[in-house]
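Engineer:
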Amino acid sequence: MIRQWIGHFIRHIDSILLATVLMVLVVALMVLYSASGQSLLKVNAQLINIVVMLGVMFLVANTQPQHIERIALPAYLLGLALLIAVALVGDISHGARRWLNLGVTKIQPSELMKLAVPIMLSWYFSKRESMLRTADYIVAGVILLTPVLLIAKQPDLGTATLVFASGFYVIFLAGLSWKFIFGSVVAFGAALPILWSMLHDYQRRRVEILIDPSQDPLGAGYHIIQATIAIGSGGTTGKGWLNGTQSQLDFVPERTTDFIFAVFAEEFGLVGCSLLLLLFTIIIGRAFIIASQAKSTFSRLLAGSIAATFFTYCFVNMGMVSGILPVVGIPLPLVSYGGTSLLTLGLSLGLLMSVQSHKRLVATD
Amino acid sequence: MGYSTELKNHQNEQHKFRVRLVFLILLVLSAFSALLGRFYFLQVFRYDYYQTLAENNRISIVPITPNRGLISDRNGIILAHNFFVYTLEITPSKTDGLQDTIAELSSLVEISATDLKRFKKLRAQSHTFESIPIRTHLNEYEAAKFAVNRFRFPGVELKSRLFRHYPYGTLGTHGIGYISRINENDLKQLKESSQLSNYKGTEHIGKAGVEQAYEADLHGVTGFQQVEIDADGRAVRVLSSASPTSGNNIVLSMDAKMQEIAEHEFAGRRGALVAIQPKTGEVLSMVSMPSFDANLFVDGIDFDNWNLLNNSLDKPLINRALKGIYPPGSTFKPFVALAGLESGKRQPPFTISDPGYFTLPNSRHRYRDWKPSGHGAVDMRRAITVSCDTFFYGLAVELGIERLTDFVRHFGFGEKTNIDIQGELSGLLPTPAWKQRRYKQPWYMGETVIVGIGQGYTLVTPMQLAYATATLANNGKAIRPHLVNAIVDSKTNQVKMLPHAIADQLNLNVQNLEIVKLGMMDVTRPGGTAAAVGANAGYDIAAKTGTAQVVGIKQNEKYNEKLIAERHRDHAWFTAYAPAEDPKIAVAVIVENGSHGGSTAGPIARKVMDYYLLGKVPVDPAAAQAAAAAEAAVVNAPEVEEEPHD
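Chains as they are written, first to last, in numbering that gives the first Met the number 0: chain C, 0 to 364; chain Z, 0 to 645.
#1: Flag Gly157 (chain C) as yes if its beta-carbon sits less than 9 Å from any beta-carbon of chain Z, otherwise no.
#2: Who are the Cβ neighbours of Leu16 (chain C) in its own chain at under 7 Å, not counting the five residues just before and after it?
#3: Buried or exposed, going by whether 16 or more other CB atoms sit within 10 Å of the CB of Met496 (chain Z)?
#4: For Ile49 (chain C), which of helix, strand or coil comes out of DSSP?
#5: Taking the alpha-carbon positions, what's the Tyr168 (chain C) to Asp200 (chain C) distance?
#6: Using the beta-carbon count (16 or more within 10 Å), is Ile225 (chain C) buried or exposed?
#7: Between the C-alpha atoms of Asn316 (chain C) and Ile181 (chain Z), what's the straight-line distance to the nearest angstrom?
#8: I need the boundaries of the beta strand (DSSP E) containing Arg134 (chain Z), first residue and last residue.
#9: Output yes if chain C places a C-beta closer than 9 Å to the C-beta of Asn184 (chain Z); else output no.
#10: Could you tell me which residues DSSP pairs with Ala571 (chain Z) in its beta bridges?
#11: Kindly list, in the order they appear in chain C, the residues whose Cβ is closer than 8 Å to that of Gln50 (chain Z).
#12: Among Z:Lys344, Z:Tyr392, Z:Gly597 and Z:Ser386, whose alpha-carbon lies nearest the alpha-carbon of His364 (chain Z)?
#13: Taking contact to mean 3 or more Cβ pairs, one atom from each stretch, closer than 8 Å, check whether the region 138 to 150 of chain Z and the region 106 to 124 of chain Z are in contact.
#14: According to a CB-to-CB cut-off of less than 8 Å, which residues of the region 211 to 235 of chain Z neighbour chain C?
#15: Against Gly174 (chain C), what residues of chain Z qualify as contacts under a CB-to-CB distance less than 9 Å, listed in chain order?
#16: Rounded to whole angstroms, what's the CA-CA distance from Ile1 (chain C) to Phe8 (chain C)? Just pull it up for me.
#17: Taking 9 Å as the threshold (beta carbon to beta carbon), is Asp379 (chain C) in contact with chain Z?
#18: With 9 Å as the limit, tell me which residues of the region 315 to 344 of chain C have their beta carbon closer than that to any beta carbon of chain Z; keep them in chain order.
#19: I'd like to know whether the C-beta of Ile305 (chain C) is nearer than 9 Å to at least one C-beta of chain Z.
#20: Is the CB of Leu238 (chain Z) under 9 Å away from at least one CB in chain C?
#21: Our contact map puts Ser284 (chain Z) next to Val607 (chain Z) with C-beta atoms below 8 Å; I'd like the distance itself, whole angstroms only.
#22: Would DSSP call Leu157 (chain Z) helix, strand or coil?
#23: Counting only Cβ pairs nearer than 7 Å, list the residues of chain Z close to Gly268 (chain C).
#24: Compute the distance between the beta-carbons of Phe410 (chain Z) and Phe302 (chain Z), then report whether it is under 9 Å.
#25: Asn184 (chain Z) to Asn474 (chain Z), Cα distance in whole Å?
#26: If you draw a straight line from the C-alpha of Pro64 (chain C) to the C-alpha of His357 (chain C), how long is it?
#27: Can you grab the Cα-Cα spacing for the pair His136 (chain Z) / Trp305 (chain Z), in whole Å?
#28: Does the Cβ of Thr460 (chain Z) have 16 or more other Cβ atoms within 10 Å, making it buried, or fewer, making it exposed?
#29: Any beta carbon from chain C within less than 9 Å of Leu26 (chain Z)'s own beta carbon?
#30: Does any CB atom of chain Z fall closer than 9 Å to the CB of Gln355 (chain C)?
#31: Classify Met253 (chain Z) as helix, strand or coil using the three-state DSSP reduction.
#32: Is the CB of Tyr168 (chain C) under 9 Å away from at least one CB in chain Z?
#33: Based on DSSP bridge pairs, tell me the residues matched to Met285 (chain Z).
#34: Going by CA-CA distance only, name the one from Z:Val515, Z:Ala215 and Z:Pro525 that's closest to Thr468 (chain Z).
#35: Can you find a C-beta in chain Z that's less than 9 Å from the C-beta of Trp240 (chain C)?
#36: Using a cut-off of 9 Å between C-beta atoms, extract the partners of Arg37 (chain Z) located in chain C.
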């Protein structure tokens with residue numbers, strides 16, 4: 000009976016995805032142990048986060064995509080309401096209004112929107128399937144931009160960018176015309192010089208430092224310079240686990256969270272980086288396969304968006320830490336320390352597995 | 000819509016979707032390739048560069064300052080040494096608000112107003128990233144108290160540092176000198192002499208006296224430690240090290256006991272004394288009164304003490320022995336006498352009959368003798384003994400200024416003695432050429448007249464006069480005076496004796512020398528100008544008294560008339576060497592505003608010679624200190640003139 004129940008439960012788990020994710024998590028715990036100055040306390044806390052994440056993943060994997068479709072609109076509206084509430088009565092910390100104090104606990108509604116927006120858009124396009132018109136893209140644009148602008152105003156440009164990306168992938172996969180995409184890119188490119196001329200000197204300076212941190216080596220640039228030194232000094236095979244001098248001697252900032260990749264790269268070198276990239280590629284590739292095999296529009300759009308968003312997280316984080324992208328506060332998926340990020344990932348992975356395991360049951364169940 | 004259209008539609012949709020997916024996959028692959036390329040660039044192509052940067056980050060070179068060499072007197076008494084003290088130091092740039100930090104600190108350990116003043120002064124002189132002492136000499140309890148609370152004070156450090164200490168305080172300060180914190184000027188000089196790297200970590204440098212002149216020996220060689228540091232600069236572990244070499248110890252020619260006796264004998268009066276071994280040039284004592292406590296300068300002197308010393312009418316900071324310039328007065332006469340004898344102008348039995356004044360040919364101006372009634376019949380020997388002005392007026396005129404100065408220059412007048420510490424003045428030996436240069440005026444005969452008795456433009460330092468006296472005692476062989484006898488190598492303990500440099504060698508006629516020497520010996524015998532000084536000595540003293548009109552040391556006119564009047568009195572000179580037959584010590588003493596060389600300066604020289612030749616210690620030094628303090632209160636009281644003028 001129990002075995003049957005477990006068997007039923009496990010049926011919905013995608014073994015390739017799970018195995019790869021677990022491998023990354025093992026590496027992540029090792030790096031966290033090193034980055035935290037060999038703190039088992041931090042590793043244990045992250046272990047609990049991982050258990051929660053896997054639990055959420057199992058639960059969501061066992062939920063049918065149809066059920067998720069059903070909560071798309073309510074979840075989106077709830078998220079929007081909370082975002083408006085934050086804008087009006089949210090708590091301010093570090094100069095930004097991001098948190099909503101519910102008395103018992105504080106929540107960050109923008110985090111919810113990372114999934115609520117793509118689910119909502121996937122649902123919208125699946126409803127409008129086979130009768131899509133230009134107007135639908137305008138509606139989709141409004142659905143996407145409303146929460147993005149609210150988040151950007153908090154201000155939380157990092158999360159706003161990611162929420163925008165996750166929704167944009169849905170619209171892109173739903174067939175947004177190439178003409179429009181190229182047209183927008185060209186229009187934005189043309190508008191840049193005008194926008195630039197409208198900025199104040201200090202604002203321009205900020206943008207310049209964002210693009211090239213080495214202009215401010217003791218301030219904003221310090222982090223990225225130290226991270227780059229950590230990565231570069233790792234060499235081909237790395238300095239060895241627990242032996243990264245940049246990491247162990249506190250030169251790498253935020254090294255358990257946003258900059259954890261620098262610790263990894265220093266201690267495991269180019270070989271380690273290549274293997275980690277490979278694991279991420281397997282996860283993303285597997286997610287793309289799930290998306291391409293999905294039978295319903297909702298499933299395939301959602302799965303495709305999740306895969307692309309996961310990629311975006313990886314690329315932006317590693318690009319930022321290695322100094323080819325501006326510094327925005329984005330954690331490295333599965334590797335950075337923190338419960339919220341893992342919870343969102345658990346949901347995402349669960350959704351992917353749900354899509355995969357329920358693809359043949361579309362009509363019957 | 001039929002089922003097939005729907006299916007077709009569906010397949011069409013899926014196809015479109017897959018095209019888009021392929022596009023995303025290409026995006027992923029190209030983005031990850033870009034990342035891989037970036038990692039390759041950083042970790043392989045630029046590996047060496049980043050490896051070096053990481054090592055530079057990680058490794059810090061920490062200098063280990065060497066122990067400064069000790070300074071001891073000729074008998075091994077330590078006059079300057081080092082000891083460990085706890086200091087609290089603040090690096091202003093690392094604190095979260097300097098004022099708050101200091102306020103909070105003072106609730107933990109006592110920080111006095113003086114500490115604060117010194118801190119402010121040092122802060123004004125240094126950069127914000129330098130660490131500046133706020134409190135020195137913390138006791139164990141205070142150090143422990145801070146150590147427990149140190150986490151509350153970013154930018155504040157408890158350091159255990161070697162401090163220079165001068166155990167005898169004011170004793171011989173002008174000769175020993177002192178060290179003080181390195182300033183911009185010192186840095187510039189260190190840079191010029193490419194010594195800067197050896198001073199990494201060194202905070203003090205010799206600023207005066209032997210501490211300054213023998214800096215290169217005393218400082219030693221800085222050691223280095225390669226230390227692994229974390230991002231906050233804290234040392235994690237030592238990787239390698241090269242130990243420092245301590246500075247060499249220095250043995251002075253100074254006799255601390257004699258110095259103490261001499262300083263005590265000044266009894267609060269201003270003046271200077273120099274005692275030299277004639278045959279070696281070793282400076283046994285170099286006194287400049289009043290003195291000051293060198294310890295005040297070591298960790299930065301505070302404003303109050305500085306003002307007190309710098310603005311004092313007594314000018315304690317000036318080394319009178321080297322920088323005090325005074326007319327030599329009658330102490331110049333033995334050298335003029337020798338010039339007369341050597342030139343053949345005054346060979347025995349030449350005698351004058353002194354009417355009490357001298358006149359130049361074709362002039363009515365009378366150059367008066369100090370004794371209005373005159374000395375009667377005076378020959379060379381007696382002229383020295385009774386300090387007959389008239390005799391030397393005539394001699395100077397007959398010699399002529401050029402010949403006179405050319406001769407006495409061999410005794411060091413008008414030139415630096417080249418003693419081994421810095422800052423001495425060369426005094427002045429006036430010549431017509433000098434006067435033309437200086438005043439654009441011709442030389443007058445009358446000026447030659449008064450040069451004969453050591454007045455007029457002639458100026459000497461006490462060091463010069465002691466040196467000249469020693470040279471005379473040594474029969475014309477001039478040995479360069481020096482304060483340092485030996486340098487003891489800190490590594491090998493080898494003692495390197497410094498050579499005695501012969502500065503000049505005069506070939507003097509023995510009979511001429513004898514006349515001058517006998518005249519000087521008679522000075523301390525009954526009938527001489529300093530008969531009291533020689534009484535019951537037990538050895539023969541050759542001496543000369545003198546009076547210097549007040550010039551040289553600057554006067555400050557804003558003080559009350561009585562005081563100024565006192566300070567305008569003549570300075571009293573006394574030069575001597577003993578034992579007269581085989582000189583072991585030559586002394587020059589000046590007591591400012593002391594009036595009479597025989598009565599004020601002479602007794603000081605006698606005490607010094609008694610100590611050196613007979614081992615006599617006049618009073619218990621501890622009691623002496625107390626007595627000196629008590630006497631200091633009455634020194635400026637005007638004295639009654641009762642002794643005969645020299």
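Cβ coordinates follow ideal geometry from the N, Cα and C atoms, glycine included.
Structural biologist: According to the data block:
#1: no
#2: Ile282, Arg285, Leu348, Leu351 and Met352
#3: exposed
#4: helix
#5: 34 Å
#6: Note that residue 225 (chain C) is Gln in the sequence shown here, rather than Ile. Gln225 (chain C) is buried by the Cβ-count criterion.
#7: 49 Å
#8: Ile131 to Leu137
#9: no
#10: Z:Thr546 and Z:Val590
#11: Gly231, Ser232 and Gly234
#12: Z:Tyr392
#13: yes
#14: Glu227, Ile228, Asp229, Ala230, Asp231 and Val235
#15: Glu12, Lys15, Phe16 and Arg19
#16: 10 Å
#17: Absent from the structure is residue 379 (chain C), since the part of chain C shown begins at 0 and ends at 364.
#18: Met317, Gly318, Ser321, Gly322 and Ile323
#19: no
#20: no
#21: 7 Å
#22: strand
#23: Gln42
#24: no
#25: 44 Å
#26: 7 Å
#27: 20 Å
#28: buried
#29: yes
#30: no
#31: coil
#32: yes
#33: Z:Val273
#34: Z:Val515
#35: no
#36: Ile230, Met317, Gly318, Ser321, Gly322 and Ile323
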